[in-house]
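Going by the numbering used here, the first residue of the sequence shown is number 2, and it counts up by one from there. Beta carbons: idealized from backbone N, C-alpha and C, even for Gly. In this text the structure is predicted, and so the values were computed from the model without any measurement.
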Amino acid sequence: MICEREINVVEKKLYHKQDIRLNYYEIKNDLQPLVLIHAQGVDAVSFRNVWERLSKRYHIYSVDCYGHGESLHDAARYNIVDISKAVSSFIEDVVKEKVYLLGHSSGGLIAAYIASATELCSFLILEDPPFFSSQGERRKGTFNYIDLSTICHRFINQSESRDFVLYYFSNQYAWNFFPEKSREKVKQKLTGMAAKYRKKHPDKNLKVMFWPKYALSGFQGMNNYDPLFGETFYNDSFHSAVLHEDILKNIKCRTVFMKAKTSVSEEGILLAALSEEDLGKTAGLIADCKIVRFECGHGIHIEKPKEFVECLHPL
């Protein structure tokens with residue numbers, strides 16, 4: 002059990018029904034239920050920095066997706082349909098009423114699918130999900146594909162390293178943002194520091210001196226992340242042939258789309274979840290969609306927590 006500073010108590014629980022296994026965190030009260038679905042690579046605790054603020058207005062449920070945290074690890078189930086069915090079952094059996102549903106990144110894809118396929122969501126909040134950009138051939142020109150997806154693919158197909166956290170840190174695309182002259186020297190030094198930390202604290206979230214805190218937030222829960230989940234975005238099997246257009250046009254509830262900054266590298270790589278064109282297409286397909294922009298990176302709730310919380314008002 003995790004105790005927050007004031008009166009809020011976060012309870013860690015397990016929802017288990019037949020072949021469904023979902024680990025989740027709950028802050029109980031009599032307020033509107035809000036279900037949080039995290040991004041790929043992290044876990045439900047990635048929302049911890051906003052739990053307390055949100056719990057003043059909502060009954061919080063923060064869920065680990067399949068392949069993450071302590072939820073089911075079964076590669077055959079790492080797809081939008083199976084994960085959405087599991088979360089939908091959780092809402093029906095545990096929450097037992099309509100919810101506000103928020104999904105970050107790949108979690109936004111899942112949240113949107115649930116909102117489109119069920120009547121369980123009364124208000125949908127999409128935190129920078131990669132609509133259109135992560136599906137089909139388009140995915141190959143995105144940051145996620147050349148970074149996490151490709152690194153997962155390479156890790157699975159090698160035998161030298163067994164520590165995915167360290168492997169990812171050593172091979173991440175972020176090294177390309179360092180000046181070319183000093184890149185290798187800095188990389189060697191910081192990778193060495195990461196290796197020492199991993200050796201001393203193998204069960205803790207990675208910490209590396211001089212590495213930005215917002216960047217380290219991407220390692221929250223990575224110890225329990227299955228790289229086979231990332232493989233589904235590498236080979237495009239995550240979507241189970243479900244088209245993003247079909248998901249979006251079936252969303253009937255009020256929706257807020259939180260859009261982070263859009264940028265493209267000199268090589269033409271989309272260094273964002275989706276392009277401005279993708280955003281326009283996404284918003285145009287949803288019956289009632291409001292776009293809210295943020296001058297920050299992909300982890301809006303990490304970088305702009307106060308503004309993030311303010312967006313969770315349907316009226």
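Residue j beta carbon less than 7 Å from that of residue i
i	j	result
I61	S85	no
I303	Y215	yes
V265	C312	no
D148	Y114	no
Y59	A45	no
R255	F124	yes
D75	N24	no
L103	L55	no
A87	I28	no
Y168	S162	yes
P306	V51	yes
G150	Y226	A small fix is needed here, since residue 150 is Ser in this sequence, not Gly. The answer is no: Cβ separation not under 7 Å.
S171	T143	no
Pairwise C-alpha distance: residue j and residue i
i	j	result
S90	Y67	14 Å
V310	R49	13 Å
T233	F239	5 Å
C4	V10	Summary for C4: the model assigns pLDDT 43, below 50, so the residue's position carries little reliability; its value from the coordinates is reported in the next sentence. C4 and V10: Cα-Cα distance of roughly 5 Å.
D237	I292	27 Å
Y101	E120	11 Å
S284	G109	Per the sequence presented here, residue 284 reads as Ala, with Ser not at that position. About 14 Å.
N251	H39	22 Å
C153	K190	23 Å
H314	E308	11 Å
H105	K182	35 Å
D204	D83	28 Å
L217	K99	34 Å
M259	I301	8 Å
K188	N145	21 Å
F295	E277	13 Å
Proximity winner among the options, relative to residue i (alpha-carbon distances)
i	options	result
K262	C297, D65, L103	C297
R78	G231, I301, F309	G231
V96	W52, E185, D31	D31
S241	H69, N80, G42	N80
M194	F178, W212, E128, G281	W212
E93	E71, P34, Q221, E278	P34
R140	K201, D279, L286, H69	D279
E267	K186, K282, F178	F178
L73	F220, L207, L229	L229
Neighbour flag for residue i against chain D, beta carbons, 7 Å
i	result
D75	Note that chain D does not occur in the displayed structure, where there is just one protein chain.
>> Quick check: the segment 126–136 against the segment 240–251, are at least 3 beta-carbon pairs closer than 8 Å?
In response: Contact between the segment 240–251 and the segment 126–136 is present: three or more C-beta pairs spanning the two stretches fall below 8 Å.
>> I'd like the ranges of any beta strand (DSSP E) spanning at least 3 consecutive residues and lying wholly in the segment 30–94.
In response: Correct list: 33–38, 59–64.
> So, do the segment 271–286 and the segment 13–20 have three or more beta carbon pairs nearer to each other than 8 Å?
Replying inline: With the cut-off at 8 Å, the segment 271–286 and the segment 13–20 do not touch.
> Counting only runs that start and end within the segment 109–150, where is the alpha helix (DSSP H) found for 4 or more residues in a row?
Replying inline: Runs found: none.
>> Please give the ranges of any beta strand (DSSP E) in the segment 271–295, keeping only runs that are unbroken, at least 3 residues long and fully inside the region.
In response: Considered as a whole, the segment 271–295 harbours 290–294 as its complete beta strand (DSSP E) runs of no fewer than 3 residues, in chain order.
> What residue ranges within the segment 191–236 form continuous beta strand (DSSP E) runs of no fewer than 3 residues, ordered along the chain?
Replying inline: Taking only runs of at least 3 residues, no beta strand (DSSP E) segment lies wholly in the segment 191–236.
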